[in-house]
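A.B. asks: Heads up: the sequence shown begins at 37 in the working numbering, then just goes up one per residue.
Note that beta-carbon positions come from the ideal geometry of N, C-alpha and C, so glycine has one too.
First, the structure itself, so that you have it in front of you.
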Amino acid sequence: MRLVNDGTRCSYALHEAGVALMEINNPPMNALSWAVLDEIRDTLTKALHDSEVRVIVFTGAGKAFIAGADIKELNDFTTAQEGADSLIKGQELSHLFMHADKPIIAAINGFCLGGGMEMALACHIRLADEAATLGLPEIKLGIIPGYGGTQRSTRLIGPARALELILSGNFLSGRQAESYGLVNRAVAKGTVVAEAMQLAGEIASRSRVAVQAALRAVLEGAAMDLYTGMRLERELFGVCYASEDKKEGAAAFIEKREAKFKDR
């Protein structure tokens, strides 16, 4: 295991098979202050540029994934424009998660609220502890989600359920979040990081050429009409088809053995 720790509140450890466990550690609840947002951005950027990292598992230390923004910092602004501008850093970070060329799995281990929920929504895959607490409670402060929560939740679970979540500000358990479609699945209490690491290991064993093509096809295609998206799919399939990894994968299947991909 190789530990990379540029900041005091966010770091990642590279485990076997190219899986990086990236963790926020900002006690007591891993709140997203401006400084923490900067450290997450810097750590994530380093992990994305680390050639040994193939998949990232993102989680929080202690009893929280991320329990939201630092409420005290909300009082630093007085005008509508200042309030709007204050969201830019968080929105840019959520875009960095969503458009990463390496899969990012959120391992939601506890409180996942407000800005924390929005960062989880920006990850490619979400697993939640069955006892985790998830929600977008900004309405209780007289505001709305601002790091992409109104947009990503609607695209993920539809406008009716997104509005119920946003307008009530109510919390969901991990199991309820699974039934809503907010997370891929809820897992037994205390096992979410292990489950996420196992899934990450499976993904990391695949061809990086195909993994990156799949990410592009899904994420870029979602913003296109169906026929344009299918054209993109054909182009990316062609890239995979011409790769050495496709030849290795086909040979391994015929020979009934595990493929040994070289990412080219």
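1) Is there contact between the region 254–261 and the region 161–173, where contact requires at least three CB pairs shorter than 8 Å?
2) Count the other C-beta atoms from every protein chain shown that fall within 10 angstroms of the C-beta of Tyr183, then say buried if there are 16 or more, exposed otherwise.
3) In the DSSP assignment, what residue or residues form a beta bridge with Ile102?
4) By a C-beta neighbour count over all protein chains shown, 10 Å radius and 16 as the cutoff for buried, is Gly178 buried or exposed?
5) Nearer than 7 Å: is that true of the beta carbon of Phe94 relative to any heavy atom of the ligand NAD?
6) Alpha helix (DSSP H) containing Gly96: first to last residue?
7) Check each candidate in Leu199, Val254, Phe101 and Leu39 and name the one with the smallest Cα separation from Gly152.
8) Write down the C-beta distance between Ser47 and Thr79 rounded to the nearest angstrom, noting that I regard them as a contact closer than 8 Å.
9) Mind reading off the beta-carbon distance from Val93 to Ala232? Whole number of angstroms is fine, and I expect it under 8 Å.
10) For His160, count neighbouring C-beta atoms within 10 Å of its own C-beta (all shown protein chains included) and say buried if the count is 16 or more, exposed if not.
11) How many Å lie between Ala143 and Val55 at the Cα?
12) Using a threshold of 8 Å, state whether the C-beta atoms of Leu208 and Ala136 are closer than that.
13) Report the rounded CA-to-CA distance for Pro181 versus Leu157, giving the unit in angstroms.
14) Alpha carbon to alpha carbon, how far is Glu75 from Leu302? Give it in angstroms, no decimals.
15) By Cβ distance, which residues of its chain are closer than 6 Å to Ala213, with the 5 residues on each side in sequence left out?
16) Below 8 Å on the Cβ atoms is my guess for Leu129 versus Arg77; work out the distance and round it to an integer in Å.
17) Let me know if Ile60 comes out buried or exposed under the rule of 16 or more other beta-carbons within 10 Å of its beta-carbon.
18) What did DSSP end up calling Ala250 once you bin it into helix, strand or coil?
C.D. replies: Answer, in terms of the structure:
1) no
2) buried
3) Cys148
4) exposed
5) Here there are no bound small molecules, and the ligand NAD is not part of this structure.
6) Element bounds for Gly96: not the alpha helix (DSSP H) but the beta strand (DSSP E), Val91 to Gly96.
7) Phe101
8) 6 Å
9) 5 Å
10) buried
11) 13 Å
12) no
13) 12 Å
14) Nothing can be reported for residue 302: it is not among the residues displayed for the chain, which extend from 37 to 300.
15) Ala164, Leu170 and Val219
16) 5 Å
17) buried
18) helix
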